[in-house]
Amino acid sequence: MARQSLVLDASVGVKWFSATGEGSLAQALSIRDSHITGHILIIVPELFYYEVANAIVYKQSIPLASIQAAATSMFDLGMEAVPLDAGLLETSVKLSRELSITIYDSCYLALAQKVVCPLVTANPRHQKQVPGCDIIPIEKWRI
């Protein structure tokens with residue numbers, strides 16, 4: 002049986018490293034742990050690493066050494082990181098304009114369309130439904 006794949010946006014990844022006061026932390030950790038154990042495959046655009054690091058660097062409660070360790074540990078998870086290419090950017094631009102969302106948010110939608118799997122997010126108000134892409138709020142994600 003093939004394992005389930007999903008695109009994960011940075012709003013979920015941030016929860017892994019800034020547990021204080023984070024809602025849906027158990028679900029976020031469950032996704033990470035399911036990936037580690039091989040039950041699911043997390044697919045992210047390379048942008049994911051920048052966005053997660055950027056979000057946690059501004060959390061003053063997290064020491065610099067912990068942020069640096071978190072940045073390194075993201076790579077240790079072995080997520081499938083998809084590099085930006087002309088096609089992905091072109092689709093992201095189109096979705097951004099059509100849906101009035103940021104390029105950053107549309108990049109996750111474009112990737113989910115490209116790899117034909119759901120997008121799991123902790124910030125569904127930043128994502129919009131598009132053909133060929135199921136958006137799953139983290140609270141509703143199940144294997």
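Numbering (the numbering used here), first residue to last: 2 to 144. The C-beta atom is built at its ideal place from N, Cα and C for all residues, glycine as well. Just so we're clear, the structure is a prediction, and the values are computed from it rather than from any experiment.
In three-state DSSP terms, what is residue i?
i: Gln-130; result: coil
i: Leu-85; result: coil
i: Pro-138; result: strand
i: Gln-69; result: helix
i: Val-53; result: helix
i: Gln-61; result: coil
i: Ile-41; result: strand
i: Ser-6; result: strand
i: Thr-103; result: coil
i: Gln-125; result: Sequence check: residue 125 is Pro here, not Gln. Pro-125 falls in the helix class under three-state DSSP.
i: Leu-78; result: coil
Candidates the options: which alpha carbon is nearest residue i's?
i: Lys-141; options: Ala-11, Ser-25, Gly-14; result: Ser-25
i: Ala-29; options: Asn-55, Thr-38, Trp-17; result: Trp-17
i: Val-13; options: Val-83, Ile-104, Tyr-109; result: Tyr-109
i: Gln-114; options: Ser-101, Ile-102, Gln-130; result: Gln-130
i: Thr-103; options: Gly-22, Tyr-59, Glu-52, Pro-138; result: Glu-52
i: Leu-85; options: Asp-34, Phe-49, Val-15, Pro-125; result: Phe-49
Applying the 10 Å Cβ sphere with the 16-neighbour rule, what's the burial state of residue i?
i: Asp-10; result: buried
i: Lys-95; result: exposed
i: Ser-93; result: buried
i: Arg-4; result: exposed
i: Asp-106; result: buried
i: Glu-91; result: exposed
i: Arg-143; result: exposed
i: Glu-99; result: exposed
i: Ala-87; result: exposed
With a cut-off of 8 Å on the beta carbons, I'd call residue i and residue j a contact; round off their distance for me.
i: His-36; j: Met-75; result: The Cβ separation is near 12 Å, so there is no contact.
i: Val-8; j: Glu-47; result: Not confirmed; about 13 Å, so no contact.
i: Ala-72; j: Ala-54; result: 5 Å
i: Leu-89; j: Leu-112; result: 6 Å
i: Ile-57; j: Ser-19; result: 5 Å
Are there any heavy atoms of the ligand GDP lying less than 8 Å away from the beta-carbon of residue i, as far as the coordinates show?
i: Gly-24; result: With respect to the ligand GDP, the structure offers nothing, as it holds no ligand at all.
Three or more C-beta pairs under 8 Å: does that hold for the segment 116–125 against the segment 134–141? Touching, yes.
Just checking, does the segment 37–46 make contact with the segment 67–74 on the three C-beta pairs under 8 Å criterion? With fewer than three CB-CB distances shorter than 8 Å, the segment 37–46 does not count as touching the segment 67–74.
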